[in-house]
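In full-length UniProt numbering, the protein residues as written are 1 to 512.
Dropping the structure here:
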């Protein structure tokens, strides 16, 4: 089973370092007083040519670095393709897109649904052609930016950027969202290379109207083997980025992740913005160098309503079926997971929180009003998918179950209510026991880390208190010393004054 949001799953070269200037001026260890004025003047006159020579050397080095420019292009013109090409067209299958991603019937465009809270959620699409070897190019172009207005009553800001496009590659079982896990890598519009949630700025930014080319080089004979590069309007915008080890040896499927933009994609045969060298495109991939995902067989689609008792591991059973990608989960839990992947912070769990009806408190009215669920349930019957409607209370009560099933009447879907009550199978018991053990271990580890942190905090506090005590004693000792010195000084002045007075009296008597 797959969640709602996971149906798929410039290098900067600075100037050269400045040259070290020759030492100028007099030796610092010599005494200025012992130096004659003539010697000072002579040394100053000697230092001026040295400084000029240093400045000229720096200027020359900077110009030399500027003249070098970016590294030379190592990619060469592609040889003529020899062999059988793939017969299937490179496209996006419904099964490999998120529910809010709409592919156009012509024009090769991807558009997101943006009604209500869907405007805040990412959309994802993965091509049906995976690359196993060779060097291939695919392109994307943002043709429309949508800018929904911020709700002035919202208590929280929506995730940024509001408009987003990521272009890259993903494995067959990867998340629907590029860069989310270890099985995908991509470039984004902000100029970053993303893998496993980590960003590294390495390329130029791109925006509306720019043609973004992604070059996947899996040619073992190439100097840029096992790399991915980005080109902007036909010019290199990043140096080749090494593929992560988790992607090597796997078919890599071109993919896009986007929000509030309409994307025009191009898999060939001709590029929108030709590169400095010739390159084959994904549409012309050789059959031996590609893996093609087969579309699901035409037939009756199914919508499944599991009937389970509360607190009996309903969602654990659903998670056990995650290996079966034929079904898309329709539930409020899936919406929350989708929102988290889109940049939202999930509300803190409380005693009232449940997987069936989790608390949605994002602080944005359109995310908290249930509009996402309503739109998804409205669009689901018109998409060729299999669904599992995961609602414990709704599926358990007869009236609510009939109401849910009635929404699918006349859609051509086979409606099935499966009773999941009784003795669970052995694999389910094993899975739940492993899950319980993992949760217990995580709780134990968290408790251990908390205790370790408390011990560390107490040690740091004691150390700080001792330091403050030493500083207090030192300050008191210094104050006492200053007070004694002041007292001694006052006594000396008093004695001096007395001696002066006695001296005046002696002079008066002597004069008498």
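We treat Cβ as the ideally placed atom computed from N, Cα and C, and that holds for glycine.
Beta-carbon separation (whole angstroms), residue i vs residue j, contact threshold 8 Å
i           : j           : result
residue 283 : residue 90  : 5 Å
residue 309 : residue 418 : 13 Å between Cβ atoms; not a contact.
residue 135 : residue 74  : Contact flag wrong, Cβ pair sits at about 12 Å.
residue 365 : residue 151 : 6 Å
residue 371 : residue 117 : 5 Å
residue 114 : residue 260 : 6 Å
residue 233 : residue 302 : Not confirmed; about 46 Å, so no contact.
residue 428 : residue 320 : 6 Å
Cβ-based burial, residue i [other Cβ within 10 Å; buried from 16]
i           : result
residue 196 : exposed
residue 147 : exposed
residue 275 : buried
residue 203 : buried
residue 444 : exposed
residue 179 : buried
residue 511 : exposed
residue 124 : buried
residue 76  : exposed
residue 170 : buried
residue 416 : exposed
residue 495 : exposed
residue 72  : exposed
residue 97  : buried
residue 13  : Because the pLDDT of residue 13 is 32, which lies under 50, any placement of that residue in the model is unreliable, and the number read from its coordinates should be weighed accordingly. Result: exposed.
residue 498 : exposed
residue 164 : buried
residue 106 : exposed
residue 177 : buried
residue 437 : exposed
residue 112 : buried
residue 404 : buried
Candidates the options, of which the one nearest residue i by Cα
i           : options            : result
residue 391 : 207, 356, 368      : 356
residue 168 : 345, 446, 138      : 138
residue 420 : 71, 450, 306       : 306
residue 239 : 217, 177, 448, 259 : 217
residue 126 : 319, 279, 184, 330 : 184
residue 84  : 110, 181, 289      : 289
residue 161 : 400, 318, 189      : 189
residue 293 : 94, 497, 437       : 94
residue 222 : 244, 299, 79, 142  : 79
residue 219 : 279, 489, 144, 237 : 279
residue 299 : 255, 244, 414, 318 : 414
residue 422 : 143, 313, 375      : 313
Proximal residues to residue i (C-beta, below 8 Å), its chain only, five neighbours per side dropped
i           : result
residue 30  : With a pLDDT of only 39 at residue 30, under the threshold of 50, the placement of this residue in the model should not be trusted; the figure read from the coordinates follows. Result list for residue 30: empty, nothing under 8 Å.
residue 346 : 336, 339, 340
residue 242 : 226, 227
residue 407 : 377, 381
residue 244 : 182, 185, 195, 196
residue 401 : 305, 307, 394, 395, 417
Close beta carbons around residue i, own chain, < 6 Å, minus the five adjacent residues each side
i           : result
residue 265 : 108, 140
residue 39  : Here residue 39 scores only 39 on pLDDT, less than 50, and its place in the model is too uncertain to base an answer on.
residue 35  : Its pLDDT being 38, under 50, residue 35 is placed unreliably in this model, and the coordinates cannot settle the point.
residue 87  : none
residue 49  : Low confidence applies to residue 49: its pLDDT is 49, below 50, so where it sits in the model is not reliable, and the reading given next is rough at best. If we look at residue 49 and ignore the five residues flanking it on each side, it has no Cβ neighbours.
residue 493 : none
residue 379 : none
beta-carbon residue i near the ligand FMN non-hydrogen atom, thresh 7 Å
i           : result
residue 431 : Of ligands this structure carries none, so the ligand FMN is not represented either.
Beta-carbon proximity of residue i to residue j, cut-off 8 Å
i           : j           : result
residue 435 : residue 316 : yes
residue 226 : residue 248 : yes
residue 129 : residue 231 : no
residue 155 : residue 187 : no
residue 99  : residue 328 : yes
residue 211 : residue 272 : yes
residue 332 : residue 295 : no
residue 388 : residue 395 : no
residue 377 : residue 330 : yes
residue 262 : residue 375 : no
7 Å CB neighbourhood of residue i in its chain, flanking five on each side removed
i           : result
residue 200 : 192, 193
residue 159 : 120, 342, 343, 344
residue 291 : 130, 132, 251
residue 411 : 381
residue 281 : 136, 137, 138, 267, 268, 269, 271
residue 368 : 360, 361, 362
residue 237 : 10, 203, 204, 230, 231
residue 373 : 332, 335
residue 153 : 365
residue 246 : 182, 183
Cutoff 8 Å: residue i Cβ touching any chain C Cβ
i           : result
residue 446 : The structure shown contains no chain C; it is built from a single protein chain.
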